[in-house]
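Each remark here refers to the structure printed beneath this line.
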Amino acid sequence: MNRPDLRTVVRYFLAPPLPGLVNGRSVRIVDLSVKGARIELEESFRPGEEVSLVIGSSGGKITVPGTILWCEIDSLLLDNAHDRYLAGFAFREANTVVNNLLDGLCASDRAFRIEDYRGHDRYHVTAPLTASFGEVAPVSVLDLSVCGARISSEVRIPVGTGAQLRFQVDHENGPTDVYAKVVWSAAIGGAEQAGLLVNGKDEVMRRAIHRLCIRGEGRIDLDSLKRKFDAMRAQSTRPQVLG
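The following block contains the structure:
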């Protein structure tokens, strides 16, 4: 097998993208894992919408039910064509058929491990969450990833400070409580901000981000994502040197 154990839920960039359908609408699948996908499409879906993704492959069609986590406009085309959107799609459950598909794509150099090119995705919180960081309260959570957060506060929090970050997305799921450490601290736009590193709590942070996206309160940082995709596209088109 040419790729790592997917128990880590590694995501793969596809070059070229695979064709697909979402509720009958044509899409392109630009990256894929056993738990989800990112798709390019010409009509938007709303976060939280339950849909089915049909993945086209040489071995036949694969149908996967799931949920649209987020959908953002990708670029405005100026040639009288439709606008283009990028959407995050979470499978209802991990899919072993997709696992086998990824094996074949990796073996034929059509899938590239995204983690080799970039860190975790960052999500902007559209309405900053009120939180506490140790004894500093209140603070506002401005953005999140599975390995960290950016917060603002009335006081400077020194680099190296470690404490419990506690915030709540909704009453249904209760508070998120994780240990975090300040890796940078600066005054930005008249407010004190700090970047926090969270280790070993990927699933806890992922659940919080999932709820934010479903509620329409989390938006992926598409500028950063597009830069990484462009780098991967460039890499995948370079001629390979055979030894």
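Just so you know, we're using my numbering here: the sequence shown kicks off at 1 and counts up by one.
Note that CB positions come from ideal geometry on N, CA and C, so glycine has one too.
All values derive from a computational prediction rather than experimental measurement.
DSSP on Arg206, reduced to helix/strand/coil? For the purposes of this step, residue 206 is identified with residue 206 of the sequence shown, where counting begins at 1. Correct three-state label for Arg206: helix.
In chain order, what residues of the same chain have a beta carbon less than 6 Å from the beta carbon of Asn23, not counting five sequence neighbours either side? Counting from one through the sequence shown, the residue named residue 23 turns up at place 23. Val51.
Quick check on Ser26: buried or exposed, where buried means 16 or more other Cβ atoms within 10 Å of its Cβ? Position 26 of the sequence shown, counting from 1, holds the residue named residue 26. Ser26 comes out exposed.
Hey, quick one: how far does the alpha helix (DSSP H) through Thr96 stretch, first residue to last? The residue you call residue 96 lines up with position 96 of the sequence shown. From DSSP, the alpha helix (DSSP H) with Thr96 extends over 96-107.
Within its chain, find whatever has a CB closer than 8 Å to the CB of Pro175; leave out the 5 residues flanking it on each side and keep chain order. The residue labelled residue 175 in the question sits at position 175 within the sequence shown. Counting only Cβ-Cβ distances below 8 Å, and skipping sequence neighbours, we find Arg166, Phe167, Gln168.
Where Asp250 falls, given that 16 or more other Cβ within 10 Å makes a residue buried: Because residue 250 is not part of the residues shown, which for the chain are 1 to 243, the question remains open.
Please state whether the Cβ-Cβ distance between Arg92 and Ile68 is less than 9 Å. The residue given as residue 92 occupies position 92 in the sequence shown. The residue given as residue 68 occupies position 68 in the sequence shown. Not in contact: Arg92 and Ile68 (Cβ atoms no closer than 9 Å).
Mind pulling the alpha helix (DSSP H) runs of 4 or more residues that sit fully within the region 130-217? 202-214
Express the C-alpha separation of Val159 and Asp170 in angstroms, rounding to a whole number. Taking the sequence shown and counting its residues from 1, one reaches residue 170 at position 170. Taking the sequence shown and counting its residues from 1, one reaches residue 159 at position 159. Approximately 30 Å between the Cα atoms of the pair.
Rounded to whole angstroms, what's the CA-CA distance from Glu42 to Tyr85? Just pull it up for me. As a working mapping, residue 42 is identified with position 42 in the sequence shown. As a working mapping, residue 85 is identified with position 85 in the sequence shown. Taking the straight line joining both Cα atoms gives about 6 Å.
Flag this pair as yes or no: are the beta carbons of Ile62 and Val30 separated by less than 9 Å? Here residue 62 corresponds to residue number 62 of the sequence shown, with the count starting at 1. Here residue 30 corresponds to residue number 30 of the sequence shown, with the count starting at 1. Contact: no.
Would you say the region 96-114 touches the region 173-191, given that touching needs at least three Cβ pairs under 8 Å? no
Pull up the distance between the alpha-carbon of Lys181 and that of Gly20, whole angstroms please. Start at 1 with the first residue of the sequence shown, and residue 181 comes out as number 181. Start at 1 with the first residue of the sequence shown, and residue 20 comes out as number 20. Approximately 41 Å, taken between the alpha carbons.
Can you find the residues in the same chain that come closer than 6 Å, C-beta to C-beta, to Asp202, ignoring five residues on each side of it along the sequence? Reading the sequence shown from its first residue, position 202 is the one you call residue 202. Same-chain partners within the cutoff: Val146.
Under 9 Å between the Cβ atoms of Leu212 and Leu105? As a first step, residue 212 is located in the sequence shown; it is residue number 212 there, counting from the start. As a first step, residue 105 is located in the sequence shown; it is residue number 105 there, counting from the start. Going by C-beta atoms, Leu212 is not nearer than 9 Å to Leu105.
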